[in-house]
Each structure stands twice: as C-alpha cells, then as structure tokens.
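The numbering used here applies: residue 391 is where the sequence shown begins, and numbers increase by one.
For each residue, glycine too, the CB sits at the ideal point set by N, CA and C.
Below is one structure, written out as structure tokens; comments come after it.
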Amino acid sequence: MKILAFSDLHRDKDAAWSLRDAARAADVVIGAGDFGTRGEGLADTFDILRDITVPVLVVAGNHDNLAEMQAANRGWPHLHVLHGSGVAIGDTAFFGLGYEIPATNEASWNQRLSEAEAEELLAACPDKAVLVTHSPPYGVADLQRNGRHEGSRAIRAAIERHQPQLVLCGHIHHAWGTKGAIGHSEVHNLGPAAHWFEI
C-alpha cells in the first residue's frame, strides 16, 4: 500500500494542488490536521483535495473545525475523518486523533484536548495500526524552536502500548521533516510537502 501523507496546509492552495496531483500515484492519502487557520478557511484546501479518488484519512488540527470537517463527508465519499476512531483499508487498520495535545493555547479558536482526554480516546487504537495524530508524541519529532519538547505524553504512551507500524503527525512547525522511533514504531512529523510511505 502506497501512502501519501502531509500536515499543516494552513489554507495553502498551491500546496493542496500539488498534493492533489501527487495523489494519483497513491493508494491512501493522509492529512494530519490544520487545513485551515484559526478556525477559518477549511474549504480553501478541502475544495481542492476533494477531487482525490482514493481513500483520504484526516484528523482535525488545532486550527480546524471538526464539525465542519465531518460535514464535508456528505459531498466527499472518499473522506474519513478520524477522531478517537479508526477505519480499515484492505488489511490495514488506521486510527486517528486530532487537536492540540496537551492544551497550551487558550484562544477561543484553538481546538485542544487534555492528556487525560487524549488517553481515553487513544485506548481504542488497535495494535499495529497506522496512527495519525495532529500532535506529535512527547520526545520525538516535537522539538520547538526554543529547544523544548512539546509533544503529548498520552500519544507517546499509546505508541508504547500499541506499537503502531507507522505514526504520522504534524502541528509543531519547527519539527517538520523530523522523525524518530518509539520501540518499533517510526514517527514522522510531516509538514505541507508530500511524504511517501510504503506498508
């Protein structure tokens, strides 16, 4: 299975067009959140990406309106919005969780979960799934510009427990393109460029 994955488009239409074109070579497309900016502009990229004809699995970023994303399902049959939920594509299980974890920004538009809330939602993740989160796990692909790790301890614990075959995330822009491992699970912080994975 050939996976095209990205995160953090933040209304970048040129990046969305490029990803839409690249998706012709993919079996599954994964978007790890932040399609909009400050709760606005989801349609700027969704309207371009909806032309993709393979399964598109997305999680909500902290800048996204989850209800608006879920409403897009009605006109986009290939879209799967994952938030404490999963889907099987062929023999592969995918599980997703969106939002900022842990909560650091109290702005009204910022979509966030506490570590306890995230832990509860991640309990349903199957072993050996492909895990898609907006926030990275603590200590891997989560380094801020100031040198601090700002990933989620609940996501890290879920990875240690369920050992996903692949973990895809975004959120921390300074960490785009970085990767690491937790046990046997590879973790990749994506960013808005096309990233390819074979499973």
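Can you give the Cα-Cα distance for residue i and residue j, rounded to whole angstroms?
{"i": "G474", "j": "I393", "result": "21 Å"}
{"i": "D454", "j": "E505", "result": "19 Å"}
{"i": "V446", "j": "D424", "result": "15 Å"}
{"i": "H552", "j": "D517", "result": "4 Å"}
{"i": "D402", "j": "A395", "result": "15 Å"}
{"i": "E398", "j": "A547", "result": "Note that residue 398 is Asp in the sequence shown, not Glu. When rounded, the distance between both Cα atoms is 24 Å."}
{"i": "A594", "j": "F484", "result": "Missing from the structure shown is residue 594; the chain here goes from 391 to 589 and no further."}
{"i": "G480", "j": "R538", "result": "39 Å"}
{"i": "A457", "j": "T435", "result": "16 Å"}
{"i": "A497", "j": "H585", "result": "31 Å"}
Count the other C-beta atoms from every protein chain shown that fall within 10 angstroms of the C-beta of residue i, then say buried if there are 16 or more, exposed otherwise.
{"i": "A415", "result": "exposed"}
{"i": "I589", "result": "exposed"}
{"i": "G488", "result": "buried"}
{"i": "M459", "result": "buried"}
{"i": "N452", "result": "buried"}
{"i": "H564", "result": "exposed"}
{"i": "N579", "result": "buried"}
{"i": "E550", "result": "exposed"}
To which residues of the same chain is residue i closer than 6 Å at the C-beta, ignoring the five residues directly before and after it?
{"i": "W499", "result": "R428, G429"}
With distances taken between CB atoms, is the gap from residue i to residue j smaller than 8 Å?
{"i": "A461", "j": "L558", "result": "no"}
{"i": "Q350", "j": "I572", "result": "What is shown of the chain runs 391 to 589, which leaves residue 350 out entirely."}
{"i": "A508", "j": "A544", "result": "yes"}
{"i": "R410", "j": "I438", "result": "yes"}
{"i": "A433", "j": "P582", "result": "no"}
{"i": "G476", "j": "A519", "result": "yes"}
On the premise that residue j lies in contact with residue i, defined as a C-beta separation below 8 Å, what is that separation, rounded to the nearest angstrom?
{"i": "E490", "j": "H468", "result": "That belief does not hold up - the Cβ atoms of E490 and H468 are roughly 27 Å apart, past 8 Å."}
{"i": "V448", "j": "V471", "result": "6 Å"}
{"i": "G334", "j": "V522", "result": "Here the chain has residues from 391 to 589 only, and residue 334 is not among them."}
Report all residues from its chain with a CB closer than 8 Å to the CB of residue i; omit the five preceding and five following residues, and keep chain order.
{"i": "R502", "result": "N452, Y489, E490, I491, P492, A493, T494, N495"}
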